[in-house]
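Inspection log for the structure reproduced underneath, given as structure tokens.
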Amino acid sequence: MPSTSSVLSAYTSFTASAMLVKTVINEVQTVTTQIVPKRLQEIILSKLGGLCGNSSSQMTLAIDEFNGYSINQLYEASEIYLGAKIDASLDRVKVSKSPKEKNLSMTIEEGEKIVDIFQGVHVLWEMTCLKTEEMSKSGKFEKRVIELSFYKKDMEKVVNSYLPYVMERSDAMKEEDKVLKLYALGPFGGDIDGGSWGSTNLHHPATFDTIAMDPSLKQALIDDLDRFVKRRSFYRKVGKAWKRGYLLYGPPGTGKSSLIAAMANYLKFNIYDLELANIFNNSELRRLLVSTANRSILVIEDIDCSLELQNRQHARYDLNERSQVTLSGLLNFIDGLWSSCGDERIIMFTTNHKDRLDPALLRPGRMDMHIHMSYCTPSGFRILVSNYLGINSHKLLVEIDELITEVKVTPAEIAEELMKSEDADIALEGLIKFVKKKTEIGNKRKATEETDIDIDENVVDSKRLSTKKRRQLKKIKKF
Ligand SMILES: Nc1ncnc2c1ncn2[C@@H]1O[C@H](COP(=O)(O)OP(=O)(O)OP(=O)(O)O)[C@@H](O)[C@H]1O
Ligand SMILES: [Mg+2]
1 MPSTSSVLSA
11 YTSFTASAML
21 VKTVINEVQT
31 VTTQIVPKRL
41 QEIILSKLGG
51 LCGNSSSQMT
61 LAIDEFNGYS
71 INQLYEASEI
81 YLGAKIDASL
91 DRVKVSKSPK
101 EKNLSMTIEE
111 GEKIVDIFQG
121 VHVLWEMTCL
131 KTEEMSKSGK
141 FEKRVIELSF
151 YKKDMEKVVN
161 SYLPYVMERS
171 DAMKEEDKVL
181 KLYALGPFGG
191 DIDGGSWGST
201 NLHHPATFDT
211 IAMDPSLKQA
221 LIDDLDRFVK
231 RRSFYRKVGK
241 AWKRGYLLYG
251 PPGTGKSSLI
261 AAMANYLKFN
271 IYDLELANIF
281 NNSELRRLLV
291 STANRSILVI
301 EDIDCSLELQ
311 NRQHARYDLN
321 ERSQVTLSGL
331 LNFIDGLWSS
341 CGDERIIMFT
351 TNHKDRLDPA
361 LLRPGRMDMH
371 IHMSYCTPSG
381 FRILVSNYLG
391 INSHKLLVEI
401 DELITEVKVT
411 PAEIAEELMK
421 SEDADIALEG
431 LIKFVKKKTE
441 IGNKRKATEE
451 TDIDIDENVV
461 DSKRLSTKKR
471 RQLKKIKKF
């Protein structure tokens, strides 16, 4: 628990001017009658009545909008918190909506007051706005201050319990209203030459419910995420940075990118999509990573294809090249300073070829969980059928279960077939045709490969062999 004095100095610039106290006291009677629902008025008045008689028993915290050059977190939190306390008893309320927000946001207007009761403690909030000679950080000649008044005897409770509660509530409210962001370098707003992050709203519909993957693996991942977000104090205790790494690997179209979106939606974390190919060197990489926010997912897709990252040593000495981002630079920074600069960081790499990755990336402790996204299984297929056709049973499902156990079909391929018709009979019959065709092609390919082995074993003339091989390859391509 922080000491009273440290919380006071961190969160507020505290003033206990007698004048201010008097003003508040004088207005209490009006305040309570103005804004508190009638049934509460009597109680509040009897509680706050003492203020009128004894000004020295009451104190006021002044919460400035700005703390030096940065926004005062407590001001922001108080404004959000008070927004939820607004009711018809107020005379004026500010209403706004930014493109970033889902809902209308309401804040109390200058001069308005709100009474709140917390664990039996009565407090009075007031929004004030002082005209100033100097232009404030917000570009206006005014200084906005939220004042919080209460009895001196309640100071300990207000500072140690009520204000942290206000912060907590406002964080929760922000989360509820949060529109996720997808950050990337370049295309949507970021200046690629200046190398800054641009962002757009992320409205990816993927959730854990819509992802077709092994159910036990899915549950293990959800449990892992739940544990991770709950373990702030654990990470502090064991001296580890509060971060977690996931490597998603598997063939194209098996849901790696969709799973990232599902995780972001589940955690309500923003995504930073990092294209290493667009980054000039390790110092730029560091700058970009440092400017990412907490509670976010850093994604590096197709890590095996991103630059010459497979060979650490090679990349490290490749100093004259334009692109000098190295795997060691990336990993050192992710493991080291960067991760300790922030909290609740998730790092995700994806690849189609796990076998091509540098062992440095795979060694224990680097990526905490390796998740194999594979071809569609019957249980995954049922999820897709339920998502796309809205059904859980159908006479053709068992036949398809059998077919997809025999031949490798990706969830993306199945999804594409299921989207072809809203009529379950037509869609599933189409899917059967598709899978049967794939089986046929697979069989033909197998047969060709077997012939190829025969040729390898029997034909000695290398020229003839290569001509035949070329012909076979052409045949295979035709499929
Ligand atoms: N496991 C899955 N569950 C649900 N839908 C899936 C799944 N896999 C693929 N899909 C569907 O196929 C589309 C493509 O999948 P996605 O982009 O997630 O695959 P990927 O593994 O990231 O592929 P790549 O390796 O090519 O990047 C998705 O938009 C989704 O509709
Ligand atoms: Mg992908």
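Residue numbering for the sequence shown follows the UniProt record's numbering, beginning at 1 and increasing consecutively. All C-beta atoms in this analysis are idealised placements derived from N, C-alpha and C, irrespective of residue type, glycine included.
Neighbour flag for residue i against chain D, beta carbons, 8 Å
i: Ile-114; result: Although the question refers to chain D, the structure presented lacks it and comprises just one protein chain.
Span of the beta strand (DSSP E) around residue i
i: Asp-64; result: 58 to 64
i: Glu-79; result: Counting along the chain, Glu-79 falls outside any beta strand (DSSP E), though it belongs to the alpha helix (DSSP H) covering 73 to 83.
i: Ser-196; result: Premise fails: Ser-196 is in no beta strand (DSSP E) and is neither H nor E.
i: Ser-105; result: 105 to 108
i: Glu-413; result: No beta strand (DSSP E) contains Glu-413, which is instead part of the alpha helix (DSSP H) from 411 to 418.
i: Ala-212; result: No beta strand (DSSP E) holds Ala-212; DSSP gives it neither H nor E.
i: Thr-132; result: Thr-132 -> no beta strand (DSSP E), and no H or E assigned at all.
i: Ser-421; result: Here Ser-421 belongs to no beta strand (DSSP E), and DSSP marks it neither H nor E.
i: Arg-144; result: 142 to 151
i: Ala-184; result: 181 to 185
i: Ile-114; result: 113 to 118
i: Lys-94; result: 93 to 96
For residue j and residue i, the rounded distance between their alpha carbons
i: Leu-418; j: Glu-109; result: 53 Å
i: Val-325; j: Lys-113; result: 55 Å
i: Phe-269; j: Leu-180; result: 7 Å
i: residue 481; j: Lys-437; result: In this structure the chain extends from 1 to 479, so residue 481 is not present and cannot be described.
i: Lys-444; j: Thr-377; result: 23 Å
i: Leu-361; j: Asn-352; result: 15 Å
i: Asn-278; j: Glu-399; result: 47 Å
i: Phe-208; j: Glu-133; result: 55 Å
i: Ser-96; j: Ser-105; result: 5 Å
i: Met-167; j: Arg-366; result: 34 Å
i: Tyr-183; j: Gly-198; result: 5 Å
i: Ile-63; j: Asn-72; result: 8 Å
i: Ile-260; j: Gly-430; result: 30 Å
i: Arg-356; j: Val-299; result: 19 Å
i: Leu-397; j: Met-263; result: 29 Å
i: Gly-83; j: Ala-172; result: 13 Å
i: Val-121; j: Leu-384; result: 53 Å
i: Lys-433; j: Glu-422; result: 17 Å
i: Ser-57; j: Gln-119; result: 19 Å
i: Ser-196; j: Leu-337; result: 20 Å
i: Ser-374; j: Pro-251; result: 7 Å
i: Leu-51; j: Lys-157; result: In this predicted model, Leu-51 has a pLDDT of only 45, less than 50, meaning its place in the structure is not dependable; the value taken from the coordinates is given anyway. Distance between the alpha carbons of Leu-51 and Lys-157: 18 Å.
i: Ala-427; j: Arg-92; result: 57 Å
i: Ser-258; j: Ile-211; result: 7 Å
i: Thr-254; j: Asp-116; result: 52 Å
i: Asn-67; j: Lys-174; result: 21 Å
i: Asn-387; j: Asn-103; result: 28 Å
i: Met-155; j: Asn-265; result: 39 Å
i: Phe-349; j: Met-213; result: 18 Å
i: Thr-107; j: Val-238; result: 41 Å
i: residue 501; j: Ile-414; result: Residue 501 lies beyond the residue range present for the chain, which begins at 1 and ends at 479; the question has no answer from this structure.
i: Ala-412; j: Asn-282; result: 35 Å
i: Lys-131; j: Arg-169; result: 30 Å
i: Lys-152; j: Ala-241; result: 40 Å
i: Ser-89; j: Tyr-81; result: 17 Å
i: Phe-228; j: Leu-217; result: 16 Å
i: Gly-442; j: Asp-302; result: 26 Å
i: Val-159; j: Met-59; result: 12 Å
i: residue 480; j: Ser-98; result: The structure shown has nothing for residue 480, since the chain only spans 1 to 479.
i: Lys-94; j: Ile-86; result: 10 Å
i: Asp-304; j: Gly-111; result: 60 Å
Endpoints, alpha helix (DSSP H) assigned at residue i
i: Thr-405; result: 397 to 406
i: Lys-230; result: 215 to 230
i: residue 482; result: Nothing can be reported for residue 482, as the shown portion of the chain is limited to 1 through 479.
What residue ranges within the UniProt domain "AAA+ ATPase" (242 to 377) form continuous alpha helix (DSSP H) runs of no fewer than 4 residues, ordered along the chain?
Listed in chain order, the complete alpha helix (DSSP H) runs (minimum 4 residues) inside the UniProt domain "AAA+ ATPase" (242 to 377) are 256 to 267, 282 to 290, 312 to 316, 327 to 335, 337 to 341, 359 to 362.
Give a yes or no on contact between the segment 242 to 258 and the segment 370 to 377, applying the rule of three or more CB pairs nearer than 8 Å.
Yes: at least three Cβ pairs fall under 8 Å.
Is it the case that the segment 275 to 291 contacts the segment 200 to 213, given that we only count it when at least three CB pairs across the two stretches are under 8 Å?
Between the segment 200 to 213 and the segment 275 to 291, the count of Cβ pairs shorter than 8 Å is below three; the stretches do not touch.
Between the segment 143 to 151 and the segment 120 to 127, do at least 3 Cβ pairs fall closer than 8 Å?
Enough Cβ pairs lie closer than 8 Å, so yes.
Given 8 Å as the limit, is there contact between the segment 328 to 345 and the segment 206 to 226, that is, 3 or more CB pairs closer than that?
With a cut-off of 8 Å, the segment 206 to 226 and the segment 328 to 345 do not count as touching, because too few Cβ pairs lie within range.
Would you be able to state if there are at least three C-beta pairs under 8 Å between the segment 293 to 305 and the segment 345 to 354?
Touching, per the Cβ criterion.
Give every residue whose Cβ lies closer than 7 Å to any heavy atom of ligand 2, listed in chain order.
Listed by position along the chain, the residues with Cβ atoms less than 7 Å from a non-hydrogen atom of ligand 2 are Lys-256, Ser-257, Glu-301, Thr-350.
Given 8 Å, three or more beta-carbon pairs between the segment 392 to 412 and the segment 420 to 439
Yes, the segment 392 to 412 touches the segment 420 to 439.
Is it the case that the segment 72 to 79 contacts the segment 160 to 167, given that we only count it when at least three CB pairs across the two stretches are under 8 Å?
Remark: three or more beta-carbon pairs, one from each stretch, lie closer than 8 Å, so the segment 160 to 167 and the segment 72 to 79 are flagged as touching.
Could you tell me whether the segment 228 to 240 touches the segment 328 to 337, where touching means 3 or more Cβ pairs closer than 8 Å?
No, the segment 228 to 240 does not touch the segment 328 to 337.
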